[in-house]
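A.B. asks: Residues in the sequence shown are numbered consecutively from 17, following the numbering used here.
For every residue, glycine included, the Cβ atom is placed at its ideal position computed from N, Cα and C.
Below is a structure I'd like to ask you about.
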Amino acid sequence: MQRPDLIRLERGQAPLRAKKITIKKLSIFSLILVLVLIVIYIHIN
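Structural data, given as structure tokens:
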């Protein structure tokens with residue numbers, strides 16, 4: 017059994033951390049995608 021205080025901390029902090037991590041991952045992923053698209057575009061032309 018988990019202690020109620022730990023559960024409260026997880027519920028309070030986990031969503032914020034997850035959002036920050038996902039935003040970072042999305043920004044990095046989008047930058048990589050853009051770079052790949054530019055490279056492909058240059059190779060085609």
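Express the C-alpha separation of Ile-44 and Val-50 in angstroms, rounding to a whole number.
C.D. replies: Approximately 10 Å, taken between the alpha carbons.
A.B. asks: Rounded to whole angstroms, what's the CA-CA distance from Asn-61 to Ser-46? Just pull it up for me.
C.D. replies: Each residue's Cα considered, the two are about 22 Å apart.
A.B. asks: Hey, would you say the C-beta of Leu-53 is under 7 Å away from at least one heavy atom of the ligand ATP?
C.D. replies: By its list of ligands, the structure shown contains no ligand whatsoever, and the ligand ATP lies outside what it can speak to.
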